[in-house]
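Following this note's numbering, the numbering of the sequence shown begins with 5 at its first residue and continues without gaps.
Glycine included, each C-beta is placed from N, C-alpha and C at the ideal position.
Below is one structure, written out as structure tokens; comments come after it.
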Amino acid sequence: MSQESGTVTGRASALWAAAITVAVMAIGPLMGHLPELSGFLVFLPAAAAGVCTVRQTAWVSVWTVLVTAGALLLGPTPTNRGAAALLCLAVACGLFATYLCRWRLAHVEAALRLQSAATAMQRHLLRPLPRTTKHVTTTGVHVPLGEDVPIGGDVYDVMETSHGTRVLIADVQGKGLGALGTSVAVVSAFRNAAHAESSVLGVAEALEKTVELQNRQAVESGDAERFVTAAILGIGDGLDVEVVNCGHPVPYCLESGISRLVPIDAADVPLGLGPLAGDRTVSRFAFPRGAVLVLFSDGLNEGRSRDGRFFPLEERLAALAKDPTGDLARRLWRQVTEFTGGRPQDDTTVLTVTRVADSTR
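Quick look at the structure:
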């Protein structure tokens, strides 16, 4: 908890404690049951333990004991046994609330440290965009599901190799540390295979083996198996692009004011399920200079409005194709954010891959 938020919470807790105390001290004498009503003050430390710091919770606890003692002095005084029981209850509740507050803050700090480490790891995992290679310029936007959930399943990478430019966009099933572990394995395997494998199909097979190994290790440790949807592209000096689609949303190509789905022969099963479907296939399509490929995760095309309608991706891309100026990826992200009312249902990644005018440098 930051110092500023702690100060604000401390002021609020002081005001609430004072308000409730005033109410009890005002109503109690009118009813002739001030000591009995003061027993309700034992709930103040418990409430403070959920939102305040340890010091603030201890302050509220001490305040509760003092007010309870004052109520007993003002009377009508109950039996000695009753007065002692009431004071003991106030002290016990205060001590227990202070302990609970310390326990809560320790776990919150541990969670924040873990979240910070995971965020730093993911930022290191995903290369910053834009990224330019001999053949393309890639820009994009990557937004996890929420600011409090920095570990998403979407990953991407762009590699310039002796075999051409290799592009990956993938979506790992699930979230959290398990998904992050698979994400790291997939991106690492892609970076190695992009240089080592002469074909895009070879890269896909290397990723398949990596995910299968991850799943075997997950089963041995009692974790869940995961599959990964992915689109792997190979872009060379020629005007054709090779792509292996592993169950991922099909990219769009924007050219000459027209938006069209990339023609893919077959959308193979996700990585991790390859043995169930046999050999994967490679599709080829034209990607002329100046054209723009739009790759995305299902957080974009499956975004829903409050009334359950899906984001009209094809319609929005057709409009953007007629006005391709600016950052297309960020424009799409803003549109889907507005469409969902600021409540996206999944991580969202949008990449735009533009063929450079001259790829002979």
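Task: DSSP state of E306 mapped onto helix, strand, coil - done: Your numbering for residue 306 matches position 302 in the sequence shown. Coil, per DSSP.
Task: Alpha-carbon spacing of F289 relative to G240, whole angstroms - done: Along the sequence shown, one-based indexing puts residue 289 at 285. Along the sequence shown, one-based indexing puts residue 240 at 236. Rounded to whole angstroms, F289 to G240 spans 12 Å at the Cα level.
Open item on the list: Would L99 and T72 qualify as a contact pair, given that the criterion is a beta-carbon distance under 9 Å?
Closed with: Position 95 of the sequence shown, counting from 1, holds the residue named residue 99. Position 68 of the sequence shown, counting from 1, holds the residue named residue 72. No.
- [ ] Out of V296, G312, E318, state which residue places its alpha-carbon closest to the alpha-carbon of N1.
- [x] Here the chain comprises residues numbered 5 to 365, so residue 1 is not present and cannot be evaluated.
Open item on the list: My assumption, with CB atoms under 8 Å, is that A235 sits in contact with L299. Please give the rounded CB distance.
Closed with: On the sequence shown, position 231 is the one that residue 235 refers to. On the sequence shown, position 295 is the one that residue 299 refers to. Confirmed, Cβ separation roughly 6 Å.
Open item on the list: Quick check: the stretch 181-193 against the stretch 210-219, are at least 3 beta-carbon pairs closer than 8 Å?
Closed with: yes
Open item on the list: Using C-beta distances below 7 Å, list every residue in its chain close to L130, excluding the 5 sequence neighbours before and after it, in chain order.
Closed with: On the sequence shown, position 126 is the one that residue 130 refers to. Only H146, V159, Y160 meet the Cβ criterion.
TODO: Using the DSSP secondary-structure output, state which residues sit across from T141 in a beta bridge.
DONE: For the purposes of this step, residue 141 is taken as the residue at position 137 of the sequence shown. Answer is T136, T358, bridged to T141.
Open item on the list: Which residue marks the beginning of the alpha helix (DSSP H) containing L172, and which one marks its end?
Closed with: Walking along the sequence shown from the start, residue 172 turns up at place 168. L172 -> not in any alpha helix (DSSP H); beta strand (DSSP E) instead, spanning 168-176.
Open item on the list: Taking the alpha carbon of T232 as the reference point, which residue from L277, V204, R59 has its own alpha carbon closest?
Closed with: Taking the first residue of the sequence shown as position 1, residue 232 is located at position 228. With the sequence shown as reference, residue 232 is identified as Val, and Thr is not the correct amino acid for it. That would be L277, whose Cα lies nearest to the Cα of V232.
TODO: Look at the alpha carbon of M5 and the alpha carbon of G54, and state the distance between them as a whole number of angstroms.
DONE: The residue labelled residue 5 in the question sits at position 1 within the sequence shown. The residue labelled residue 54 in the question sits at position 50 within the sequence shown. Here the model assigns M5 a pLDDT of 48, short of 50, so the residue's position is not dependable, and the following value carries that caveat. Between M5 and G54, the C-alpha separation is close to 12 Å.
Task: A4 versus L116 - alpha carbon distance - done: Within the shown structure, residues of the chain are numbered from 5 to 365, placing residue 4 beyond reach of any answer.
TODO: Given a cut-off of 9 Å, decide if T68 and L104 are closer than it, judged by their beta-carbon atoms.
DONE: For the purposes of this step, residue 104 is taken as residue 100 along the sequence shown, with counting starting at 1. For the purposes of this step, residue 68 is taken as residue 64 along the sequence shown, with counting starting at 1. No, Cβ-Cβ distance for L104 and T68 is not below 9 Å.
Task: Distance, L172 Cα to S202 Cα - done: Numbered from its first residue, the sequence shown carries residue 202 at position 198. Numbered from its first residue, the sequence shown carries residue 172 at position 168. Taking the straight line from one Cα to the other gives about 15 Å.
Open item on the list: Taking only three categories from DSSP, how would you classify L297?
Closed with: Your numbering for residue 297 matches position 293 in the sequence shown. The answer is strand: DSSP assigns L297 an E or B state.
Task: Three-way DSSP call (helix, strand, coil) for E201 in this model - done: In the sequence shown, the residue the question calls residue 201 occupies position 197. E201 falls in the coil class under three-state DSSP.
- [ ] Give me the Cα-Cα distance between G312 and P328, rounded to the nearest whole angstrom.
- [x] Residue numbering aside, residue 312 sits at position 308 when the sequence shown is read from its first letter. Residue numbering aside, residue 328 sits at position 324 when the sequence shown is read from its first letter. Their backbone Cα atoms lie some 29 Å apart in a straight line.
- [ ] Kindly identify the DSSP beta-bridge partner or partners of R147.
- [x] For the purposes of this step, residue 147 is taken as the residue at position 143 of the sequence shown. Here residue 147 is Val; the residue named in the question, Arg, does not match the sequence. Looking at the DSSP assignment, V147 forms a beta bridge with T352.
Task: Rounded Cβ spacing between P148 and D351 (contact assumed at less than 8 Å) - done: One-based indexing of the sequence shown puts residue 148 at position 144. One-based indexing of the sequence shown puts residue 351 at position 347. Going by Cβ atoms, the distance from P148 to D351 rounds to 5 Å, so yes, they are a contact pair.
Task: Residue nearest to Q218 in terms of C-alpha spacing, selected from V191, A198, R195, G238 - done: Residue mapping note: residue 218 aligns to position 214 of the sequence shown, counting from 1. For the residues V191, A198, R195, G238, the minimum Cα distance to Q218 belongs to V191.
Task: Cα-Cα separation, C56 to Q349 - done: Residue numbering aside, residue 56 sits at position 52 when the sequence shown is read from its first letter. Residue numbering aside, residue 349 sits at position 345 when the sequence shown is read from its first letter. Roughly 32 Å between the two C-alpha positions.
TODO: Report the rounded CA-to-CA distance for G282 versus A325, giving the unit in angstroms.
DONE: Taking the sequence shown and counting its residues from 1, the one referred to as residue 282 is at position 278. Taking the sequence shown and counting its residues from 1, the one referred to as residue 325 is at position 321. So the alpha carbons of these two residues sit roughly 37 Å apart.
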